[in-house]
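Heads up: the sequence shown at position 170 corresponds to 1070 in my numbering, and the numbers run straight through without jumps. Glycine residues also receive a C-beta, built at the ideal position from the N, C-alpha and C atoms.
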Amino acid sequence: MPSPFHLSWFLQGSSAQAWGEPWTGNIGSDWMSAEIFVDLARAIERACFDYLLIEDSIFIGESWNNSRDIFLNNGICVPRQEPSVVATLLAASTKRLGIVPTLSTFAYAPYLTARIIGSLDQISGGRAGWNLVTGFADLAARNFGLDGMADHEERYQMAEEYVAVVKQLWDSWEPGAIRDDRENGILVDPAKVRTIDYAGKYYSSRRPLNSGPCPQGRPVIAQAGGSSTGRTFAATHADTIVAAPTGIENMKRYRQEVRAQMAALGRDPDSCKLLFLLSPIIAETEEQARWYADQRGIQAVQNIETRLARLGWAVNIDFSAFDLDAPVGELSTNGTQSTLQNFLIRAGKNTLREAVIANSSVGYCVDVVGTPDSAADQMREIMEEVGGDGFLIVLPDVSRRSIATITDGLVPALQRRGLARKAYEHAHLRDNLLAF
């Protein structure tokens, strides 16, 4: 039997993200309820996904003509609700699915993050994770009274202290701290609750966490390490990695490098699951699937400015002044470096217009287009070549129809091949990640 691989879902955190797309219903008027998120969580739980990761940002874009208009008119990453609130709703709506909200290190104090994620772990029965991000946008930093983001390298230096505080706060409750001894009148054993006394260059915290112990001990940490510094950080701290290298060879190289770094750090590489971003296009026939894939390119041609604005939002570059028909050339950013680097790799010597159109038609790391059966075979071949550990599904149009193509079409085809689980092995997220 072939080795199964892990499946999780990368949810771009706006319920209005698919506004204007076909088959998305009344997203424009129903977005406040987050009901589509509940439907998604329940559907992927039935399909036995490991976790749902809720991506987030805390600003409205202005990286097109120095204006918010194109972002507001087209619902680009706005409106977005607080991910920890949405995560609580999804945890209450599911029983086995891991729930992983994004909390940024610049926007939440370490104590608050430890408390939010620890509380989520408690109320979900051990299914919580934390998508650890440092932030990338000066606009977001200014929403919190900062002049702007620290540079890329310093953000990771700050994150090292930040995660150390969070881990120590989770560890401030030792196993067996909850005595529940009614006969002697002791709920909590004081000897098993520790003051952490952390004082660093950027962060400090003294008291133990007041929300109590986490069912998993420490909730799962997810991290996207794209740059060299980011890969080292992820190899050090992550239990699951959001990976986005372009092409099978780069995917394979990325996994080998991160696993080698983990081994050098004394970690078991198998203790961290690398999941590669994938946007599969699934239809009843090969012709239909190819038609849907072609539509992505056509839509990119028709909406070149919105596509560029969305890219500029992620990489902190305003492309409105660029010549669309000139080669992309060299670009640098203090924003999301892995996104820019992957775009430049795909762009090659193409013009900006050609690069954006090509970038919009690919399925993130690699293309998977076809029927449920042919797509399942493609994914098996990719995993056999890369070496594991699985995929993080991300769709540009989250609708009940697009969700069903994955959960009711693709996943059963994977299960028939022994490539995806048919039932959860454990109650806790960490244990399910480590099941294979």
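If you draw a straight line from the alpha carbon of Ala1164 to that of Leu1292, how long is it in whole angstroms?
26 Å
Check whether the segment 1174-1190 and the segment 1266-1274 are in contact - that is, three or more C-beta pairs closer than 8 Å.
By the Cβ test, the segment 1174-1190 is in contact with the segment 1266-1274, since at least three Cβ pairs between them sit closer than 8 Å.
Nearest-angstrom Cβ-Cβ length linking Gly1108 and Arg1094, presumed shorter than 8 Å
Inspection of the sequence shows that residue 1108 is occupied by Pro rather than by Gly. With a Cβ gap of about 6 Å, Pro1108 and Arg1094 count as contacting.
State the start and end residues of the unbroken beta strand (DSSP E) segment that holds Ser1004.
Start and end: 998-1004.
Just mark Gln1202 as buried or exposed, buried being the case when its beta carbon has 16 or more other beta carbons within 10 Å.
exposed
When you compare the CB positions of Glu1100 and Glu1061, do they come within less than 8 Å of one another, or not?
Correcting the residue type first, residue 1100 is Gly in the shown sequence and not Glu. Yes. Within cutoff.
When Thr1305, Arg1253, Lys1249, Ile1282 are compared against Tyr1192, the one with the closest alpha-carbon
Thr1305
DSSP state of Ala947, grouped into three classes?
coil
What does DSSP give as the partner residue(s) for Val1120 in the beta ladder?
Assignment of beta-bridge partners to Val1120 by DSSP yields Gly1029.
Take the Cβ of Asp956 as the centre, count every other Cβ of all protein chains shown within 10 Å, and call the residue buried at 16 or more, exposed below.
Under this definition Asp956 is a buried residue.
Looking at the unbroken alpha helix (DSSP H) that takes in Leu990, where does it start and where does it end?
If you look at Leu990, you'll find it in the alpha helix (DSSP H) that goes 983-992.
Return the CA-CA distance between Asp1223 and Leu1252, expressed in angstroms with no decimal places.
7 Å
Might you give, ordered along the chain, the residues of its own chain that have their beta carbon closer than 7 Å to the beta carbon of Leu1244, omitting 5 neighbours on each side?
Val1228, Leu1231
When the Cα atoms are used, what is the spatial distance from Asp1289 to Ile1086?
45 Å
For Tyr1098, the three-state DSSP class (helix, strand or coil)
strand
Nearest to Ala943 by CA position, among Asn1216, Ser1299, Pro902, is which residue?
Ser1299
contact_flag[the segment 947-956, the segment 1027-1034] where n(CB pairs < 8 Å) is 3 or more
yes
Please work out which residues of its chain come closer than 7 Å, Cβ to Cβ, to Thr1236, disregarding the five sequence neighbours upstream and downstream, and give them in chain order.
The residues Phe1036, Ala1214, Val1215, in chain order, have a CB closer than 7 Å to that of Thr1236 in the same chain once the five nearest residues on each side in sequence are set aside.
Measuring alpha carbon to alpha carbon, tell me which of Ala1135, Ile936, Lys1152 ends up nearest Arg1167.
Ala1135
Suppose contacts are defined by Cβ-Cβ distances below 8 Å. Is Val1142 in contact with Phe910 by that definition?
Yes, Cβ-Cβ distance for Val1142 and Phe910 is below 8 Å.
Assuming Arg1131 and Glu1149 form a contact by the criterion Cβ under 8 Å, report the distance between their Cβ atoms to the nearest whole angstrom.
With a Cβ gap of about 17 Å, Arg1131 and Glu1149 do not count as contacting.
Report back the beta-carbon spacing between Phe959 and Ala1040 to the nearest angstrom; my notes put them in contact at under 8 Å.
4 Å
How big is the Cα-Cα spacing for Pro1115 and Ser993?
19 Å
Cα-Cα, which of Gly961, Asn973, Pro979, Cys948 is closest to Ser933?
Pro979
Residues bridged to Pro1312 (per DSSP)
Partner(s): none; Pro1312 has no beta bridge.
Cut-off 7 Å between Cβ atoms - residues of its own chain near Tyr1324, not counting five sequence neighbours on either side:
Excluding residues within five positions, the ones whose Cβ falls inside 7 Å are Cys948, Arg996, Asn1332.
Exposed or buried, what is His1326 when buried is set at 16 or more other beta-carbons lying within 10 Å of its beta-carbon?
exposed
Give the straight-line distance between the Cα atoms of Leu1178 and Gln1278, rounded to the nearest whole angstrom.
12 Å
Mark Ile1198 as exposed unless 16 or more other C-beta atoms lie within 10 angstroms of its C-beta, in which case mark it buried.
With fewer than 16 Cβ atoms within 10 Å of its Cβ, Ile1198 is classed as exposed.
Using a Cβ-Cβ cutoff of less than 6 Å, which residues in the same chain neighbour Ala1124 once the five nearest sequence positions on both sides are dropped?
Val1142
Any contact of the segment 1015-1026 with the segment 962-979, i.e. 3+ C-beta pairs under 8 Å?
Counting Cβ pairs under 8 Å, fewer than three are found: no touch.
Considering only the beta carbon of each residue, do Ser1105 and Pro1010 sit closer than 8 Å?
yes
For chain B, is any of its Cβ atoms less than 8 Å away from the one on Glu945?
The chain inventory of the structure shown lacks chain B, comprising one protein chain alone.
Continuous alpha helix (DSSP H) stretch holding Ala1143: start and end:
Here Ala1143 belongs to no alpha helix (DSSP H); instead the beta strand (DSSP E) covers 1140-1143.
Have a look at Thr1233, Arg1190, Val1256 and flag the residue whose alpha-carbon is nearest the alpha-carbon of Ala1209.
Val1256
Less than 8 Å between the C-beta atoms of Leu1319 and Ala1276, yes or no?
yes
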